[in-house]
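In my numbering, the protein residues as written are 239 to 686.
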């Protein structure tokens, strides 16, 4: 049970955003109660046993999280500001965050290349593959995106999103009149065009619907590199299985941090509504314990669920924001245990990621990881006939106009904040973690 005597904050949703908000609030001195409707923390990132290999003393654990991450700074900031640094926490369980090798990109014409994230190495690879013209256009695009990144920072990345702060000057810097498809077409070279278009599909939208600013993901990877969770060989005990690229290790590490910070975690606790009196949050109504008081609430759930739980002013605002939005549409990852595979990672070696693109840029992402001492192939096929609506994975809106209508962190209800993949910072893992930080600051009224 929490021992702090500070204000009580109820966090609704035990995914990345909710866990991040809870850890920060607890470190600030708040009593924190985290409600999660399912039986585990982590949401879509939660680890689970591979079906058919879930028995015995060492089941093979898999996850649906990306095996490779970009921009680790929000993760490091989260752990540093809630206790021990990330590297120290990972090391305690025998893991580390390490650079990942380049993605091998396979094109529809049968050609392939390994595309590094480093700027200079990218230039060399693209010059050899496509010549000076296309290589220069690619570098110009990514260099130009740096100004887009700087314009985005106060608009939901580092500061809470406020629509009034988006003036015409900022809108121009965000390439408001262009779509991601426009940027792809400007490159001319078919392979590079497909690579840019793939960015939208991997976010659960289309290049025509995605605003041009969605391309900042390409810049983030080039600027901050590609990272993966690996087991440290020197810490591996004899007979202990090695997990390479199982990103849900971060969920397990963050869950341990919640325990250290004495966050009260309630699994199987579905919140049915947020109470308010005189327009101010008073508590939550749960399926397991009825009505419980709270001084503040963070709704770290998808925006449609948030609209159904929030008090009237916030509910109306959310419904207006969602009027022309639909959930991200994504395939379900498929995990297969292999006996052997070409380019397979050996124990302790990096994950192998292959990006197969058709001519339109629709991707099929294949990763090979060593999990539980076994080789596992994970396939995420955005060309599949059936894509699922994933409300918790972000919003699909109509270009820049739709993007600017996304719900922000703050709400019309004092003491109530929102966090998750629908925020203006977007659905990338680092952005979801950052949305939890902004929600914590919003209900705490200060930064830690």
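Glycine included, each C-beta is placed from N, C-alpha and C at the ideal position. Just so we're clear, the structure is a prediction, and the values are computed from it rather than from any experiment.
Between which two residues does the beta strand (DSSP E) harbouring residue i extend?
i           : result
residue 350 : 350–353
residue 260 : Taken as a continuous stretch (DSSP letters only), residue 260 belongs to no beta strand (DSSP E), being part of the alpha helix (DSSP H) at 254–265.
residue 639 : Looking at the DSSP string, residue 639 is not in any beta strand (DSSP E); the run it does join, the alpha helix (DSSP H), is 637–641.
residue 632 : 626–634
residue 602 : 601–609
residue 577 : Counting along the chain, residue 577 falls outside any beta strand (DSSP E), and DSSP gives it neither H nor E.
residue 197 : Residue 197 is absent from the model: the chain starts at 239 and stops at 686.
When the Cα atoms are used, what is the spatial distance from residue i to residue j?
i           : j           : result
residue 599 : residue 453 : 14 Å
residue 535 : residue 524 : 13 Å
residue 567 : residue 626 : 5 Å
residue 240 : residue 501 : Because the pLDDT at residue 240 is just 44, under 50, the model does not fix this residue reliably, and the point stays unresolved.
residue 480 : residue 615 : 15 Å
residue 439 : residue 244 : 44 Å
residue 657 : residue 255 : 6 Å
residue 448 : residue 634 : 8 Å
residue 446 : residue 413 : 14 Å
residue 637 : residue 620 : 20 Å
residue 433 : residue 483 : 23 Å
residue 397 : residue 403 : 11 Å
residue 333 : residue 253 : 21 Å
residue 648 : residue 664 : 16 Å
residue 662 : residue 577 : 43 Å
residue 549 : residue 630 : 20 Å
residue 228 : residue 387 : Absent from the structure is residue 228, since the part of the chain shown begins at 239 and ends at 686.
residue 590 : residue 618 : 14 Å
residue 385 : residue 506 : 44 Å
residue 436 : residue 521 : 43 Å
residue 399 : residue 451 : 16 Å
residue 381 : residue 389 : 14 Å
residue 261 : residue 313 : 12 Å
How would you write the range of the alpha helix (DSSP H) that residue i sits in, first residue to last?
i           : result
residue 429 : 428–440
residue 489 : 487–498
residue 681 : 667–682
residue 459 : 454–462
residue 421 : 418–425
Helix or strand or just coil, what does DSSP make of residue i?
i           : result
residue 402 : helix
residue 564 : strand
residue 251 : coil
residue 646 : coil
residue 513 : strand
residue 596 : coil
residue 656 : strand
residue 446 : coil
residue 465 : strand
residue 273 : strand
residue 618 : strand
residue 521 : strand
residue 613 : strand
residue 288 : coil
residue 484 : coil
residue 246 : strand
residue 409 : helix
residue 590 : strand
residue 268 : coil
Under the criterion of a Cβ to heavy atom distance below 6 Å, does residue i qualify as lining the ligand ZN?
i           : result
residue 279 : Of the ligands one can find in the structure shown there are none, so the ligand ZN has no counterpart to examine.
Counting only runs that start and end within the region 293–374, where is the beta strand (DSSP E) found for 3 or more residues in a row? 333–337, 341–344 and 350–353
If you scan the region 528–554 from start to end, which runs of the alpha helix (DSSP H) of 4 or more residues do you find wholly inside it? 541–547
For the region 451–470 against the region 267–281, are there 3 or more C-beta pairs whose distance is under 8 Å? no
Do the region 376–394 and the region 406–420 make contact, defined as three or more Cβ pairs closer than 8 Å? yes
For the region 669–683 against the region 550–566, are there 3 or more C-beta pairs whose distance is under 8 Å? no
When the Cβ atoms of the region 508–516 are set against those of the region 282–292, are three or more pairs found closer than 8 Å? no
Spell out a yes or no on whether the region 525–533 and the region 541–558 are touching, meaning 3 or more CB-CB pairs, one atom from each, closer than 8 Å. no
Assess contact between the region 363–377 and the region 590–607, defined as three or more Cβ pairs (one per stretch) separated by less than 8 Å. Is contact present? no
Contact the region 267–274 vs the region 411–431: 3+ CB pairs below 8 Å: no
Cβ contact check for the region 315–328 and the region 339–354: 3 or more pairs under 8 Å: no
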